[in-house]
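S.K.: Chains as they are written, first to last, in this note's numbering: chain G, 52 to 274; chain Y, 52 to 274.
There's a structure below that I have some questions on.
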DNA sequence: ATATTTATTTAGATTAGTCTAAATTTTATT
DNA sequence: AATAAAATTTAGACTAATCTAAATAAATAT
Ligand SMILES: [Mn+2]
Ligand SMILES: [Mn+2]
Ligand SMILES: [Mn+2]
Ligand SMILES: [Mn+2]
């Protein structure tokens, strides 16, 4: 059995590795988890002893097969619970993450299997992120961000890659949600901001940071 | 914030006090929780400092107003989750307790409020026990056990007062479930066992222990 | 190639929750 | 009432997860 805390380390290692490709540094883990590097070092030794990770002093860390599977299980649970909260319990997409952080650690094979069935085997969560299947496969279709497009492109919002409340509240206040229609009116080279027309109505300015976290699908055939 | 462990102490104090009426002894808590009395003493001091309990050395412990409310909140969550598992996720009544022990500690006002609505505000859980309302009231109608009745009485099973897997598995193997019809054929004074006719079919012998934990409703007007 | 800076690990301390063994208080029995 | 037994608390120790400060290794800059 792993503690909640050990599970959170494994999940964080997975997330950082996913974003960077390579091995995960002690410092990056410490920063992500809001704790000190010395604490991380202790835990890495422990997770290595339990063979969830491959760890060489000073060389960073990678998940073992076992660790990777555990990470995917946790992410599966997290995203299924988020789906449950949005679809069945009237939560907004900006309210689910915190609760899912707790629910993802509940231990019960049957629970998660039945939840999956109850939700009719969803493949993406409320933020547009893929949900690993029971056999831990993820339908990773290529994901495009608003940032990848240019003037005159027409797009539909299908997800976000940052599910912090801060970001999702910002989208709410911009009136951007899943399904919103976006036409790019201008790409400003100066600060990489985007001027867009939203649902053929309001004109809105989007910062680089927002544009890098909005997952969209093109409605025309430009790249 | 209380830890899971602190919450479990409070719940155990509530349960023991509910059964016994009076103040709760260190030893009874230690036994219920499967830990040593010395450990309990430490925790009682801590819960007293946080004013969840009234505690005098050597005199046992009672819940404060604050502690009682917290206990009821936890029990509310436990029983709502059990209801969810049975009604929505195809769990059997003998499978839910262990998972509910985990879920009862999830912190989210909105979650439990919406779960209550989603289940249409149930008043009893799958074992026939009352679910505290959002304002922590419990519709405590008097409960009758099979043990309270006598020869020729006809009863319907509406709950159990022991939700251990051991007991519920035993009921399953006796083919007794919620709604089962029971006619008392014989009350044996020797060992307080009961011979019953089940659903007008099989004849079954029930031990005193089982009879004391089966909650029933009379189908005729005898007491 | 050295020196400096940055990243990481080691050492020692702290808190929560638990234990065993010993001391003390309360309860029960002569 | 005195003694024995039981219940409870105290004392001291352990593990998990964290911290700060110091030491060491790796990376970078001169
Ligand atoms: Mn999330
Ligand atoms: Mn988490
Ligand atoms: Mn239960
Ligand atoms: Mn519990």
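Even for Gly, the Cβ is constructed at its ideal location relative to N, Cα and C.
Give the residues of chain Y in contact with residue 159/G, contact being defined as C-beta atoms less than 7 Å apart.
M.R.: By Cβ distance, chain Y contributes 150.
S.K.: Which whole-angstrom value is the C-beta distance of residue 61/Y and residue 75/Y, which I expect to be below 8 Å?
M.R.: About 11 Å separates the beta carbons of residue 61/Y and residue 75/Y, which is beyond the 8 Å limit, so they are not a contact pair.
S.K.: For residue 52/Y, count neighbouring C-beta atoms within 10 Å of its own C-beta (all shown protein chains included) and say buried if the count is 16 or more, exposed if not.
M.R.: Label assigned to residue 52/Y: exposed.
S.K.: Could you pull out every unbroken alpha helix (DSSP H) segment of at least 4 residues lying fully inside the segment 84 to 168 of chain Y, listed in chain order?
M.R.: 88 to 100, 116 to 139 and 147 to 154
S.K.: If we count the other Cβ atoms within 10 Å of its Cβ and call it buried at 16 or more, is residue 103/G buried or exposed?
M.R.: buried
S.K.: Using a C-beta to C-beta distance shorter than 8 Å, which residues of chain Y count as neighbours of residue 245/G?
M.R.: The contacting residues do not exist; residue 245/G stays about 34 Å from chain Y at best.
S.K.: Just confirm the distance between the C-beta atoms of residue 105/Y and residue 92/Y, as a whole number of angstroms; I'd bet it's less than 8 Å.
M.R.: Contact doesn't hold; Cβ gap of about 15 Å is too wide.
S.K.: Is residue 214/G near ligand 1, going by C-beta to nearest heavy atom under 6 Å?
M.R.: Residue side-chain check: residue 214/G places its Cβ nearer than 6 Å to a non-hydrogen atom of ligand 1.
S.K.: How about residue 70/Y and residue 81/Y: do their beta carbons lie closer than 7 Å?
M.R.: no
S.K.: State yes or no: is the beta carbon of residue 55/Y nearer than 7 Å to at least one beta carbon in chain G?
M.R.: no
S.K.: Taking DSSP as the reference, what is the three-state secondary structure of residue 174/Y?
M.R.: Three-state result, residue 174/Y: coil.
S.K.: Look up residue 297/Y in the DSSP assignment and say whether it is helix, strand or coil.
M.R.: The shown model of chain Y, from 52 to 274, leaves out residue 297/Y, and the question about it has no answer.
S.K.: Check each candidate in 152/G, 233/G, 161/G and 246/G and name the one with the smallest Cα separation from residue 146/Y.
M.R.: 161/G
S.K.: Identify the continuous beta strand (DSSP E) that holds residue 247/Y and give its terminal residues.
M.R.: 244 to 249
S.K.: Taking its Cβ as the centre, do 16 or more other Cβ atoms sit within 10 Å of residue 273/G, making it buried, or is it exposed?
M.R.: Confidence in residue 273/G is poor, its pLDDT being 42 and thus under 50, which makes the residue's placement unreliable; the coordinate value appears in the next sentence. Exposed, because fewer than 16 other Cβ atoms sit within 10 Å of the Cβ of residue 273/G.
S.K.: For ligand 3, any of its heavy atoms closer than 6 Å to the Cβ of residue 185/G?
M.R.: no
S.K.: Give a yes or no on whether the C-beta atoms belonging to residue 129/Y and residue 155/Y are separated by under 7 Å.
M.R.: yes
S.K.: Thinking C-alpha only, which one of 152/Y, 185/Y and 180/Y is nearest residue 166/Y?
M.R.: 185/Y
S.K.: When we look at the beta-carbon of residue 77/Y and count the other beta-carbons within 10 Å, is it buried (16 or more) or exposed?
M.R.: buried
S.K.: For residue 72/Y, count neighbouring C-beta atoms within 10 Å of its own C-beta (all shown protein chains included) and say buried if the count is 16 or more, exposed if not.
M.R.: exposed
S.K.: DSSP three-state label for residue 233/Y, please.
M.R.: strand
S.K.: Taking Cβ positions only, does residue 139/G come closer than 7 Å to chain Y?
M.R.: yes
S.K.: Comparing the CB of residue 105/G with every heavy atom of ligand 3, is any distance shorter than 6 Å?
M.R.: no
S.K.: Which first and last residues belong to the alpha helix (DSSP H) in which residue 259/Y is found?
M.R.: 259 to 262
S.K.: Looking only at C-alpha atoms, which of 204/G, 254/G and 263/G sits nearest to residue 214/G?
M.R.: 263/G
S.K.: Helix, strand or coil: how does DSSP classify residue 270/G here?
M.R.: coil
S.K.: In terms of DSSP beta bridges, what is residue 239/G paired with?
M.R.: 244/G
S.K.: For the beta strand (DSSP E) containing residue 205/Y, list its first residue and its last residue.
M.R.: Start and end: 205 to 211.
S.K.: Hey, out of 245/Y, 163/Y, 228/Y and 222/Y, whose CA is closest to residue 202/Y's CA?
M.R.: 245/Y
S.K.: Would residue 249/G pass as an interface residue toward chain Y - the criterion being a Cβ-Cβ separation below 7 Å?
M.R.: no
S.K.: When the Cα atoms are used, what is the spatial distance from residue 254/G to residue 84/G?
M.R.: For the pair residue 254/G and residue 84/G, the Cα-to-Cα distance works out to about 38 Å.
S.K.: Provide the residue span of the alpha helix (DSSP H) that contains residue 198/Y, from first to last.
M.R.: Careful: residue 198/Y lies outside any alpha helix (DSSP H) and carries neither H nor E.
S.K.: Does the segment 206 to 213 of chain Y touch the segment 229 to 242 of chain Y, meaning 3 or more C-beta pairs lie closer than 8 Å?
M.R.: yes
S.K.: Would you mind telling me which residues of chain G sit closer than 8 Å to residue 131/Y, beta carbon to beta carbon, in chain order?
M.R.: Within chain G, no residue comes near residue 131/Y; the closest Cβ sits about 12 Å away, beyond 8 Å.
S.K.: Helix, strand or coil: which one does DSSP assign to residue 225/G?
M.R.: Residue state, collapsed to three classes: helix.
S.K.: What in chain Y is Cβ-close to residue 124/G, meaning under 9 Å?
M.R.: Neighbours of residue 124/G on chain Y: none; closest Cβ ~16 Å, over 9 Å.
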